[in-house]
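S.K.: Below is a structure I'd like to ask you about.
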Amino acid sequence: MPTNKRASLSGGCQCGAVRFAVRLLGRGSICHCRMCQKAFGGFFGPLITAHDAIWTRGTPKWFQSSNAARRAFCGDCGTPLAYETRFGLELAIGSFDEPSSAAPALQVNMHDKLPFFDGLTSLPVRAAQSDEWVDFLAGIHSNQHPDHDTDDWPPTNETK
1 MPTNKRASLS
11 GGCQCGAVRF
21 AVRLLGRGSI
31 CHCRMCQKAF
41 GGFFGPLITA
51 HDAIWTRGTP
61 KWFQSSNAAR
71 RAFCGDCGTP
81 LAYETRFGLE
91 LAIGSFDEPS
101 SAAPALQVNM
111 HDKLPFFDGL
121 TSLPVRAAQS
131 DEWVDFLAGI
141 HSNQHPDHDT
151 DDWPPTNETK
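Per full-length UniProt numbering: the sequence shown = residues 1 to 160.
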């Protein structure tokens, strides 16, 4: 049953080639299955049911990850975007422009949960950054699409 009805939310891949919009979200989850770990290249797959999603720029490529599911990703930058079964479409929470608007409410497939997962928040935190790291960060120019819709991407008025 849908839990969130709100103005359209948007998101997309890292390079901006594929974008989506959705108004009606269901329940968000953290999936610990091994397929999600591999598909996201992480410890879990953060997904939220999307009842009325549309692709607003480009189209994703699809990988048939099993006989029951396929996964969408950007063919240009590789960003994981969605998971689809006969039950519907789920979007990758991290691909939303505002991921906090699609918070997970449930963990699933606990049999594949990595044994160190529950202790991650207790790891030490490095609060201070070295001067070398600060200098490195100051020199970075991001080619990532901004966290909002754009008329075109990459910008056509960019000076080369």
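Virtual Cβ for every residue (Gly too), placed ideally from N, Cα, C.
Indicate, with yes or no, if the ligand SAH has a heavy atom lying under 7 Å from the CB of G139.
M.R.: Looking at this structure, you won't find the ligand SAH or any other ligand, since it has none at all.
S.K.: Based on the DSSP output, what are the partners of I30 in its beta bridges?
M.R.: According to DSSP, which records beta bridges pairwise, I30 is partnered with P46 and Q107.
S.K.: To which residues of the same chain is L9 closer than 8 Å at the C-beta, ignoring the five residues directly before and after it?
M.R.: Contacts found: A21, V22, R23, L25, F96, D97, E98, S101 and A102.
S.K.: Please list the terminal residues of the continuous beta strand (DSSP E) segment that includes L81.
M.R.: Looking at the DSSP string, the run of the beta strand (DSSP E) that includes L81 is P80 to T85.
S.K.: Could you tell me how far apart the beta carbons of P80 and A92 are, in whole angstroms, since I believe they sit closer than 8 Å?
M.R.: Right, their Cβ atoms sit about 5 Å apart.
S.K.: DSSP three-state call for T150: helix, strand or coil?
M.R.: The answer is coil: DSSP assigns T150 none of H, G, I, E or B.
S.K.: On a CA-only basis, which of A82, I48 and F87 is nearest V18? Give me that one, please.
M.R.: When each option's Cα is compared against that of V18, the closest is A82.
S.K.: As a quick exercise: from W55, G28 and D52, pick the residue whose alpha carbon is nearest that of P46.
M.R.: P46 has its Cα closest to that of G28, out of W55, G28 and D52.
S.K.: Note down, in chain order, each residue of its chain lying with its Cβ closer than 8 Å to the Cβ of M110, except the 5 sequence neighbours on either side.
M.R.: Here the set comprises H32.
S.K.: Is it a yes or a no for the stretch 141-152 touching the stretch 59-75, going by three-plus beta-carbon pairs under 8 Å?
M.R.: Because the criterion of three Cβ pairs below 8 Å is not met, the stretch 141-152 and the stretch 59-75 do not touch.
S.K.: Do you know whose CA, among F63, G12 and G119, lies nearest I54's CA?
M.R.: Of the candidates F63, G12 and G119, the one whose C-alpha sits nearest the C-alpha of I54 is G12.
S.K.: Leaving out the 5 sequence neighbours to the left and right, which residues in its chain are closer than 6 Å to G58 when beta-carbon positions are compared?
M.R.: If we look at G58 and ignore the five residues flanking it on each side, its Cβ neighbours are A17 and V18.
S.K.: Can you tell me which residues form a DSSP beta bridge with S10?
M.R.: DSSP, once it has assigned bridges, lists A21 as partnering S10.
S.K.: Secondary structure at I140, three-state DSSP: helix, strand or coil?
M.R.: The answer is coil: DSSP assigns I140 none of H, G, I, E or B.
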